[in-house]
Each structure stands twice: as C-alpha cells, then as structure tokens.
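In the order they appear, the protein sequences are chains A and B. Per my numbering, the very first residue in the first sequence carries number 402; after that it's consecutive. Per my numbering, the very first residue in the second sequence carries number 2; after that it's consecutive. Everything on this sheet refers to the single structure shown next.
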Amino acid sequence: MVVGLPLPKESAPLSDSPLIIDMRNVAKFFGPFQALTDINFTVRQGERVVVCGPSGSGKSTMIRCINRLEEHDEGTITVDGIELGEDTKDIRAVRQEVGMVFQQFNLFPHLTVLENLTIGPIRVRKMDKAAAEALGRKYLERVHIPEQADKYPSQLSGGQQQRVAIARSLCMEPRIMLFDEPTSALDPEMISEVLEVMVELAESGMTMVCVTHEMGFARRVADRMVFMEAGRIVEEAPPQAFFTNPKSDRVRLFLDQVLEH
Amino acid sequence: MATLRMRRRVMRLLTSRPASIAIYFVLMWGLIELALKGAEAMGYNWQWYRIPQYFYTIGDSGITLGEIPWGLVGTITLSTLAFGLALAIGLLVALLRLSDLIVGRAVARIYLEIVRNMPLLVLLYVFYYVFGPIFGLDRYSASVLCLAVFHGALMSEIFRGGINAVAKGQWEAAKSIGMTTAQIYRYIILPQSIKFMLPPMTGEVVNMIKSSAIVSVIAVVELTTIGRNIISDTYMSFEIWFTIAAVYMAVTLIISIFASYLERRYAVQD
C-alpha cells in the first residue's frame, strides 16, 4: 500500500513510475451538450496533479469519469490496468482503488463517523469489524479528529466533515485519490484545516488528482498543473512554468483573476 | 377600526382551547341528538344491553371472547399478511421502476396502471372468481393476494418517493467506495428513506385495515363479515354498525399514535 509509506520525491523520478490513469481521446456528452472533447490525460503513480479552469469547463466531469460516476461516450479510460467499460465488476474494482472526496462531503448522515469509515472496509473489503474499526481510528487520527468517532456527521463542522470524508476514502486504502473541489463548500476559516490534511497526504506519496481553485495548495504540492476550458485541456505544465510563464493567454487571464486576492 | 379589533377578539376567543372543546361537544351532541331523534321517529328499538355479549361472556369457565374480538383478530391477521406481502411487492416494483432494465420498468408501469385504474371490489372479484378457479385459490388466499396486489401498487409509489428523496450525493459516495447497487440500497439509501416513508406508510396501514372490510363480500371471516352475520341474526343494525365502526376507529387510532411516536424517534436522528 502506498498510504503510510513516505515516498521521497527524489528517490523515485516520476517519469519512471508507471501510468496509473490513462485517458485517451475521451469525449463526453450530456444530451446535445459536449462536456468533454478529445481529452488525453495521464497520471503516473505517485504524481500530484491539480486541475483548474473556469466553472463549467469540464474539470469535475473529467475526474468523475475516472471512477465512472460519469460514463464517457468516446475514447478509452484505463485505471490501474483496468479499462473502464460496461463490466460492473471492473468498475467496482477500480472504485476500490480510487478514493473520491466531494465538494458536498456526502457523508452518510444515518451513520456515526466511525461507521462512515468502516462501512466500506466491512461491506466491500469484507474485513472483520474489529480490524475495520482499528483502521478507521487510525485514519481518523491522520485527519486529526480521533475524538469525533462516535458523533454523527451533522454534529461536526464543515471542515471536520470534509476530513471525515477524506478518512472514509483512505480507509479503502486506495492507490489514487480524486478531489472534486474539496474546499469550495467550506467557510473560509475551515479551508486551511482541510488543505493541511491534503498536503500531508501528498507528502506521504499518494497519487492525487485535485480539482481546486486553491492556487497556494497547487503551488505547494502539484507536480503538474492542468488547465481546462470548454471541455478541453488547454494547457499542461509544471507549476513553476504554469504560474510564472503560462503559454496561453486564457491561463494568464484566469490566474490574474484567481490570484488577485 | 373598532369593529376590526372586535372581530379579532372574537376570533381569538373562538380559536382558544376551551372554546374549541365546547364547540366540538356541541357539534357532537347535535349529531347524536339527530341520530337518536331520527331513530326514535322511525320507531327504532335500541338494544345496547345486548351488545357486550358479542365482546365477551362470563361463564363458569371464566371469560369467553365473543364474535367481535374474533372478527378483529381475523381483520388484523388478514391485514398483517396482506401488508407484509404488499411491502415486498411495493419494494420490488419500486426498485424495478428505478432500475436500468427497460423490461422491468415497463412491467412495473403496466402493473401500476392496471391496479390504480381498477376498483378494489372488481379486483377482488377477479382474484376470487377468475384467478381462484385457475390457480386453485381459496377465498382467504384470494383476499390476501388481492389486498397485497392493490396496496403493493400504492406502496411502491411511497418507496419510490422515499428512495428519490435521499440526496444524489449519497449514491455517488457509496459508489465511489465500490459498493454494489444492492449494498447501496440496503446500507445507505433505504435506512435514510425510512423517515420519508413513515408518514405515508402509516396512512397505508390504516387504509389496508379499512379496505380489508371489502372481503366481507366473499364471506371471509373478519370484523365486517361478523357484523353482517350478527345483524342477520338480531336485526340490531344501528348498534352493531356503530360498534363495528368504533372498533375500526380504535385500532386505526392506536396505529396512528404509534406511528407518530416512531416518526419522532426517527426525526431525532439528524
């Protein structure tokens, strides 16, 4: 498992690690509206990719295709060696390896925090209850809220709920984590506690794809920036080049807008 | 100005609790008075003293239950069996309607349209006079199946509403940890839809008990059939129908009270 094993950046050059996500010529339609056009997007194991762009540019749709919350209409998507298609067993196998954190947390309100964390390991991984609870408590510790195990989600603050959601995904011990605007629904004073957990996760060597407008976070952890507009990938670059010398004017305009504050 | 204030004062007085209770009693007294006067006018001979024997008799061997409690047992057994079956049918039909299976959705729609557009009495005749001989159903099985099929259709809509009321994000979160559709329904969606389904489901339990009276037309032993039998022996139609109505009311009121307790309990959870 990658989680928990610190993987120093220097020791493993990313260009040598295997491709874990491979999207080729992907297109996606919502009725007549084309949400994604000719997406070629790859992620290597251990890589941290930040996806940004104006709203409605297809960022969320793209990462939701990776665990097939959205079905792509054209092209191929291969995740951890499995090509996504109609086979529901394959899809579930991929989903077990791909954690996802949502903008709206989506915690299970009828379960306690600990039950939220253990339901996946118990029902999907068929782990016994005691082992799953030990695992749950370990990850609750990692997101810095071990004392909230027996509360219900509605009793927690937004930042705490989002950290529980991150822990819930980590309990499946995934190889990849997807973040879909994880801080966009949070009050400003709670954003940093969630970002802190995400930075720690990045430093542990987790493969991450984050859709976010948090450019400070992107600068700090990203190996690569991806900029999307109107359903296409417009620019892909290492953060240094992306922030200081973007190739397209559109990226420059976007950066001016988000970095102004 | 003054009249407006007067009107408000009168409204407040009329809607106050003591006034409401007084108005209620006056109305009830009026209704009962009307019924009694009417009965008197047609020379009806009230024989309320003969009613208790149909509830219980005290003999040498202790208390023996009369026909009405047995009829009530019949009604409750019939309703419970039919309700259990209707729950299963309702859930199955709701899941079919929400599924990706085109055939499943079509079958569910056809079933719903047929049942919703047919009077319960006709459906009962179909079950008893048509399906009865074909499938060898006795009158009791035919009654249970008919009630289950009829109420299953209504319940499937309650299930569907309850399932749809659960936020879409719950599906996505459960899918993203690799759960199967069956697991998602069982552990995530259905437990959360209970609180949306409880109020209308209670209504269905009450409806089920009330509509179970219809099987008296094919002489299945239950409360209404018992009422008819007693009347054909004694001609005390006023007393017996009042009594039978009161028994139905008592049962359904108890269910409603229990249900509102359950609702409060489930509401506390979030």
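Ideal Cβ placement from N, Cα and C applies to all residues, glycine included. Small disclaimer: the values here were computed from a predicted structure and weren't measured.
One or two residues paired with residue i in a DSSP bridge
{"i": "residue 501 of chain A", "result": "A/579"}
{"i": "residue 435 of chain A", "result": "A/430"}
{"i": "residue 445 of chain A", "result": "A/420"}
{"i": "residue 548 of chain A", "result": "DSSP lists no partner for residue 548 of chain A."}
{"i": "residue 638 of chain A", "result": "A/626"}
{"i": "residue 609 of chain A", "result": "A/449, A/578"}
{"i": "residue 425 of chain A", "result": "A/477"}
{"i": "residue 440 of chain A", "result": "A/427"}
{"i": "residue 633 of chain A", "result": "A/630"}
{"i": "residue 484 of chain A", "result": "A/479"}
8 Å Cβ shell around residue i - same chain, five flanking residues per side excluded
{"i": "residue 507 of chain A", "result": "566"}
{"i": "residue 70 of chain B", "result": "56, 57"}
{"i": "residue 634 of chain A", "result": "440, 441, 442, 627, 628"}
{"i": "residue 220 of chain B", "result": "140, 226"}
{"i": "residue 54 of chain B", "result": "67"}
{"i": "residue 538 of chain A", "result": "515, 547, 550"}
{"i": "residue 207 of chain B", "result": "253, 256, 257"}
{"i": "residue 12 of chain B", "result": "none"}
{"i": "residue 195 of chain B", "result": "163, 267"}
Closer than 9 Å at the beta carbon, the chain A residues around residue i
{"i": "residue 192 of chain B", "result": "509, 511, 512"}
{"i": "residue 173 of chain B", "result": "465, 470, 501, 503, 507"}
{"i": "residue 188 of chain B", "result": "509, 512, 520, 524"}
Contacting residues, own chain, Cβ-Cβ under 6 Å from residue i (five flanking each side not counted)
{"i": "residue 185 of chain B", "result": "175"}
{"i": "residue 162 of chain B", "result": "none"}
{"i": "residue 189 of chain B", "result": "171, 175"}
{"i": "residue 436 of chain A", "result": "429, 459, 462, 632"}
{"i": "residue 503 of chain A", "result": "581"}
{"i": "residue 133 of chain B", "result": "143"}
{"i": "residue 157 of chain B", "result": "91, 94, 95"}
Interface partners of residue i on chain B, CB under 7 Å
{"i": "residue 620 of chain A", "result": "Here the premise fails: no neighbours, minimum Cβ distance about 28 Å."}
{"i": "residue 655 of chain A", "result": "Here the premise fails: no neighbours, minimum Cβ distance about 27 Å."}
{"i": "residue 468 of chain A", "result": "177"}
{"i": "residue 576 of chain A", "result": "Going along chain B, no residue has its Cβ under 7 Å from residue 576 of chain A, so there is no contact; the nearest lies around 13 Å."}
Beta-carbon proximity of residue i to residue j, cut-off 8 Å
{"i": "residue 160 of chain B", "j": "residue 198 of chain B", "result": "yes"}
{"i": "residue 87 of chain B", "j": "residue 98 of chain B", "result": "no"}
{"i": "residue 179 of chain B", "j": "residue 576 of chain A", "result": "no"}
{"i": "residue 258 of chain B", "j": "residue 80 of chain B", "result": "no"}
{"i": "residue 632 of chain A", "j": "residue 570 of chain A", "result": "no"}
{"i": "residue 610 of chain A", "j": "residue 450 of chain A", "result": "yes"}
{"i": "residue 615 of chain A", "j": "residue 584 of chain A", "result": "yes"}
{"i": "residue 515 of chain A", "j": "residue 551 of chain A", "result": "yes"}
{"i": "residue 630 of chain A", "j": "residue 458 of chain A", "result": "yes"}
{"i": "residue 473 of chain A", "j": "residue 429 of chain A", "result": "yes"}
{"i": "residue 486 of chain A", "j": "residue 425 of chain A", "result": "no"}
{"i": "residue 213 of chain B", "j": "residue 223 of chain B", "result": "yes"}
{"i": "residue 129 of chain B", "j": "residue 107 of chain B", "result": "no"}
{"i": "residue 116 of chain B", "j": "residue 150 of chain B", "result": "yes"}
{"i": "residue 95 of chain B", "j": "residue 164 of chain B", "result": "yes"}
{"i": "residue 686 of chain A", "j": "residue 464 of chain A", "result": "No statement about residue 686 of chain A is possible, as the shown extent of chain A runs from 402 to 662 and does not include it."}
{"i": "residue 555 of chain A", "j": "residue 510 of chain A", "result": "yes"}
{"i": "residue 572 of chain A", "j": "residue 522 of chain A", "result": "yes"}
Interface partners of residue i on chain B, CB under 9 Å
{"i": "residue 525 of chain A", "result": "178, 179, 180, 181, 184"}
{"i": "residue 497 of chain A", "result": "178, 179"}
{"i": "residue 493 of chain A", "result": "176, 179, 180, 181"}
Own chain residues within Cβ distance below 7 Å of residue i, not counting five before or after
{"i": "residue 408 of chain A", "result": "Its pLDDT being 46, under 50, residue 408 of chain A is placed unreliably by the model, and nothing is read from it."}
{"i": "residue 412 of chain A", "result": "Unreliable positioning characterises residue 412 of chain A in this predicted model, as indicated by a pLDDT of 45, which lies under 50. The coordinate reading is nonetheless provided below. Here the set comprises nothing."}
{"i": "residue 468 of chain A", "result": "495, 496, 499, 501, 579"}
{"i": "residue 483 of chain A", "result": "491, 494, 495"}
Residue-chain proximity (residue i, chain C), Cβ-Cβ < 8 Å
{"i": "residue 170 of chain B", "result": "In the displayed structure, chain C is absent; the protein chains listed are A and B."}
Beta-carbon neighbours of residue i, restricted to chain B and to distances below 8 Å
{"i": "residue 573 of chain A", "result": "178, 179"}
query: Mind pulling the beta strand (DSSP E) runs of 3 or more residues that sit fully within the region 45 to 75 of chain B?
result: With a minimum length of 3 residues, the continuous beta strand (DSSP E) runs that stay inside the region 45 to 75 of chain B are 57 to 60, 63 to 66.
Whole runs of the alpha helix (DSSP H) within the region 200 to 265 of chain B, excluding any shorter than 4 residues: Here the runs fully enclosed are 224 to 235.
message: I'd like the ranges of any alpha helix (DSSP H) spanning at least 4 consecutive residues and lying wholly in the region 584 to 608 of chain A.
response: Runs of the alpha helix (DSSP H) spanning 4 or more residues and lying entirely within the region 584 to 608 of chain A occur at 589 to 604, in chain order.
query: Can you give, in chain order, each stretch of the alpha helix (DSSP H) that sits fully within the region 11 to 50 of chain B and has at least 4 residues?
result: Along the region 11 to 50 of chain B, the alpha helix (DSSP H) occurs as fully enclosed runs of 4 or more residues at 18 to 42, listed in sequence order.
task: Counting only runs of 4+ residues fully inside the region 167 to 200 of chain B, write out the alpha helix (DSSP H) ranges in chain order.
output: The qualifying runs are 169 to 177.
message: Quick check on the DSSP output: what are the complete alpha helix (DSSP H) runs of length 4 or more inside the region 507 to 560 of chain A, in order along the chain?
response: For the region 507 to 560 of chain A, whole alpha helix (DSSP H) runs of length 4 or above, ordered along the chain, are 514 to 524, 530 to 543.
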